[in-house]
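According to the UniProt record's numbering, the residues represented by the sequence shown are 1 to 210, in order. We put the beta carbon where it would ideally sit given N, CA and C, even for glycine. Below is one structure; the comments refer to it alone.
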Amino acid sequence: MKIWTSEHTFNHPWETVVQAAWRKYPNPINTAVIGTDVVEREVINGVLHSHRLVSSQWYFPSWVQKIIGTPKVCHASERSTVDTNERQMTLKTTNVTFGSFLSVDEVLQYAPHPTDPSKTLLRQQATVSVEGVPLSRYMEEALTNNISFNASRGRLGLEWVINKINTEVKEIATTADDLLMQTKKSIDGITDTARKSMDELSASKQKIHF
């Protein structure tokens, strides 16, 4: 059994990082995950519980492929909780493919950084266990290295999504400002037209009076 752990700090508030985590896939940087499907989702005592099926492509060394094969798509079960009151998000993922001899259990925890609440701390742990096949210890090492590589790309992918969200927010704000300006111009135009009409009507009454 191999255990891999990592910590990473995002320079973004927890709410932004969690929103990006929901929209993480697909992204052009972390291309291993090709799709997610929601199996179940419910809110219990204010906490959002979700169950998703994650489809991805695993890239193994050629000697590993000869032992376990190379399915085109691998599947994993992801269960997550989001507690907005406590500002905690936890994702637990377990592989479904190769489940008879390979176990990959991964846990990700997003929480405000303990010394800077404007940032988000990601704690990540993966436990890899291979049993009943040749070279199991070497396979555990190869899989752990692959998880570490994908984790770094996953963080870059999350940053890409955050930038995309920030761009969308700016575009919405710009559109709202433009719409407000156009509305103001329209109101000003209507007001000017009404004022001119009133002035013309007043002038006509004065002519009739004289």
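By the C-beta density criterion, Arg52 is buried, having at least 16 other C-beta atoms within 10 angstroms. DSSP places Arg79 within a strand segment (E or B) once states are collapsed to three. One alpha carbon belongs to Val33, the other to Val73, and they sit about 9 Å apart. The C-alpha of Glu7 is placed about 13 Å away from the C-alpha of Lys119. Within the region 29-90, the complete beta strand (DSSP E) segments at least 3 residues long are 33-44, 47-56 and 74-83, listed from N- to C-terminus.
It is roughly 16 Å from the alpha-carbon of Trp14 to the alpha-carbon of Gln124.
DSSP assignment within the region 98-164 yields no whole alpha helix (DSSP H) run of 4 residues or more. With fewer than 16 other Cβ atoms inside 10 Å of its own Cβ, Trp63 counts as exposed. In the three-state DSSP reduction, Asn95 falls in the strand class (E or B).
Here Tyr25 is buried. Its C-beta has 16 or more other C-beta atoms within 10 Å.
DSSP places Lys2 within a strand segment (E or B) once states are collapsed to three.
Closest by C-alpha distance to Gln19, out of Lys164, Lys170, Ile172 and Glu171, is Lys164. Residue environment analysis places Ile162 among the buried positions, since at least 16 neighbouring C-beta atoms fall within 10 angstroms of its C-beta. Per the coordinates, the alpha-carbon of Val47 lies some 21 Å from the alpha-carbon of Glu106. For the pair of segments examined, the region 91-102 was found to touch the region 128-138: the number of CB pairs separated by less than 8 Å reaches three. Within its own chain, the residues whose Cβ lies closer than 8 Å to the Cβ of Ala111, once the five positions on either side in sequence are excluded, are Trp14, Arg87, Gln88, Met89, Thr120, Leu121 and Arg123, listed in chain order.
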